[in-house]
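So the sequence shown is numbered by the UniProt record's numbering: it starts at 1 and just counts up by one. For every residue, glycine included, the Cβ atom is placed at its ideal position computed from N, Cα and C. Since the structure comes first, as structure tokens, the remarks are kept for the end.
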Amino acid sequence: MKQAADIRKAIDPDEVLFVIDAMIGQDAVATAQAFDQGVDITGVVLTKARRRHPRWCGAVGA
């Protein structure tokens, strides 16, 4: 995480997006929160989101 924080500090981007596979389910929330604490993300992108899939609903609902 320190390396990602150092990169952010060095380049000072306008946006920092965290991209994660939606199929990870509820763990996506905890992972995004941990990454946000270390790097201060500005948004999250969920990939492979399939409607009506229980794991996708968990990630979006949280």
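For residue i, which residues in the same chain have their Cβ closer than 7 Å to its Cβ, ignoring the five residues on either side in sequence?
| i | result |
| --- | --- |
| Trp-21 | According to the sequence as given, residue 21 is Asp; it is not Trp. The answer, listed in chain order, is Thr-47, Lys-48. |
| Gly-35 | It is worth fixing the name first, because residue 35 is Phe in this sequence and not Gly. Phe-18, Ile-41, listed in sequence order. |
Distance check for residue j and residue i, CA to CA, integer angstroms please.
| i | j | result |
| --- | --- | --- |
| Ile-24 | Ile-11 | 30 Å |
| Ala-30 | Gln-37 | 11 Å |
| Lys-9 | Gln-3 | 10 Å |
| Ala-40 | Met-1 | The sequence as given places Asp at residue 40; Ala does not occur at that position. When rounded, the distance between both Cα atoms is 11 Å. |
| Ile-7 | Gln-26 | 28 Å |
| Thr-42 | Val-16 | 5 Å |
| Ala-5 | Asp-14 | 14 Å |
Determine the contact status of residue i and residue j, defining contact as a CB-CB distance below 8 Å.
| i | j | result |
| --- | --- | --- |
| Val-44 | Ala-32 | yes |
May I ask you to check if the CB of residue i is nearer than 7 Å to at least one heavy atom of the ligand MG?
| i | result |
| --- | --- |
| Gly-25 | For the structure depicted, the ligand MG is absent and the ligand set is empty, with no information on it obtainable. |
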